[in-house]
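Visitor: Count the sequence shown with the working numbering and you get residues 436 to 796, in order.
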Amino acid sequence: MESTNMEVAPEHAGIGDDAMHEVLLGRNPVSEQPRFITDILRYPEAAWIIDVQVPDDEALYGPASGANLPVVSFITYPSSGESQQRRYSFPYHDAAYGSFENMLGPGEAPRFADPNDRYPLIILAHGASAHGLYDVSHAHNLASHGYIVAVITYGDDRTMKMDDPNFHVSYLRPFITKVVLDSLLDSAVFGPHIDAANIGITGYSFGGFTALALAGGPFQGNTATVSDSRITAGVIAAPWVGGNYAGEDFFAFGPGNAGLNRVNIPIISFYGTKDEVTQASFILPAMRQLSGPAYVVELVDQPHVFEQGSWEDRDNWELLFFSAYLKHDPESIEVLNAARSMKGGNDDVQLFDYQKLGSGN
436 MESTNMEVAP EHAGIGDDAM HEVLLGRNPV SEQPRFITDI LRYPEAAWII DVQVPDDEAL
496 YGPASGANLP VVSFITYPSS GESQQRRYSF PYHDAAYGSF ENMLGPGEAP RFADPNDRYP
556 LIILAHGASA HGLYDVSHAH NLASHGYIVA VITYGDDRTM KMDDPNFHVS YLRPFITKVV
616 LDSLLDSAVF GPHIDAANIG ITGYSFGGFT ALALAGGPFQ GNTATVSDSR ITAGVIAAPW
676 VGGNYAGEDF FAFGPGNAGL NRVNIPIISF YGTKDEVTQA SFILPAMRQL SGPAYVVELV
736 DQPHVFEQGS WEDRDNWELL FFSAYLKHDP ESIEVLNAAR SMKGGNDDVQ LFDYQKLGSG
796 N
């Protein structure tokens, strides 16, 4: 695999894990530290940075309304044997979440495994108070199976206010994702290599919400929420669809999450039976609202942040699902429709009562 550049400039590489975490989130600095990851890259010209012009609509986008927000993503993809074999460890927790494979340097062009082929595209959406560095290994694993993968670092905290529900982020997330997708499809670098008829999204927690919103789920029932019909399949792990706050039930997609009936693309959802953040009592009824093919996998005894074995289960189900719905492999759809659990990992079980079968076509 190769990836776009994410190398940190030497003067910022030693700021430490805590300070780097703040930069990756986009939090206001308490010192002279840079504010966001776009400020610390050594070769920004070799990174995938998009200036997102937020619409001037305060009702939707709140403090982000009218702002120009630079958004950095890293793109990884299958590469040829001619790629230089080099790994880069981003200076954050000793690259515990994976090292970048064969990053492009300034002026270098991608070397695709098959320059004449078009690959399905998968967008990765991280959770709240998180960033794309958590998904480095995840992204490379997907790319190794024949996908172009775009991992967005949203920088949610740049526009968030203390002691505020910050509902505007729920509108901003899908808008940013659409703009990044536009940039990839319109680019001379990646556009000719993307199979635009087969674009998936995978998201964890608030990233799961982001995926459902893009697939047509209106936040609080508001159909002004940006959706994107180019997204054709979605994977959602521990998705945020609401919860009980101060004794009151809140549903992300309108009363009872009924707005999810607008989602008609294939979706596979995962939830942990011991998750106290995104609870099964909200996720399972929400999955009933989906109009398209649906699959639900229970991760037994898992909290909100899964144990490693359960992440492996998610990864294996995800590969099977995307093979069925982005590559349209008949054997994959047959296995997906019938499989009860994944071999290895932790205990997991597909809940067939929630399954709505699809053909994969």
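Ideal Cβ positions, reconstructed from N, Cα and C, are used throughout, including at glycine.
Computed from a predicted structure; not experimentally measured.
#1: Among the candidates Gly669, Val735 and Asp591, whose CA atom is the shortest distance from the CA of Ala715?
#2: What are the start and end residues of the alpha helix (DSSP H) that includes Asp453?
#3: What does the alpha-carbon distance come out to for the pair Ala687 and Glu769?
#4: Give me the residue from Asn576, Ile611 and His628 with the minimum Cα distance to Pro545.
#5: Secondary structure at Leu792, three-state DSSP: helix, strand or coil?
#6: With DSSP run on the structure shown, which of helix, strand or coil describes Gly707?
#7: Short of 6 Å in beta carbon distance, which residues of its chain neighbour Ile510, apart from the five on each side in sequence? Order them along the chain.
#8: Using a Cβ-Cβ cutoff of less than 6 Å, which residues in the same chain neighbour Ser767 once the five nearest sequence positions on both sides are dropped?
#9: Cutting at 8 Å between CB atoms, please list the residues of its own chain near Leu568, excluding the five before and the five after it.
#10: Under the three-state reduction of DSSP, which class applies to Thr473: helix, strand or coil?
#11: Out of Leu495, Ser514, Ala648 and Asp486, state which residue places its alpha-carbon closest to the alpha-carbon of Asn503.
#12: Under a Cβ-count criterion, where at least 16 other Cβ atoms within 10 Å of its own Cβ denotes burial, should Pro690 be classed as buried or exposed?
#13: Applying the 10 Å Cβ sphere with the 16-neighbour rule, what's the burial state of Tyr680?
#14: Taking only the alpha-carbon atoms, compute the straight-line gap between Ala646 and Ala444 and give it to the nearest angstrom.
#15: By a C-beta neighbour count over all protein chains shown, 10 Å radius and 16 as the cutoff for buried, is Ser704 buried or exposed?
Guide: In this structure, then:
#1: Val735
#2: Asp452 to Leu460
#3: 32 Å
#4: His628
#5: coil
#6: strand
#7: Thr439, Trp483 and Ala585
#8: Leu755, Ser758 and Ala759
#9: Leu459, Phe525, Tyr527, Tyr532 and Thr588
#10: helix
#11: Residue Asp486 is the option with its Cα nearest to Asn503.
#12: exposed
#13: exposed
#14: 32 Å
#15: buried
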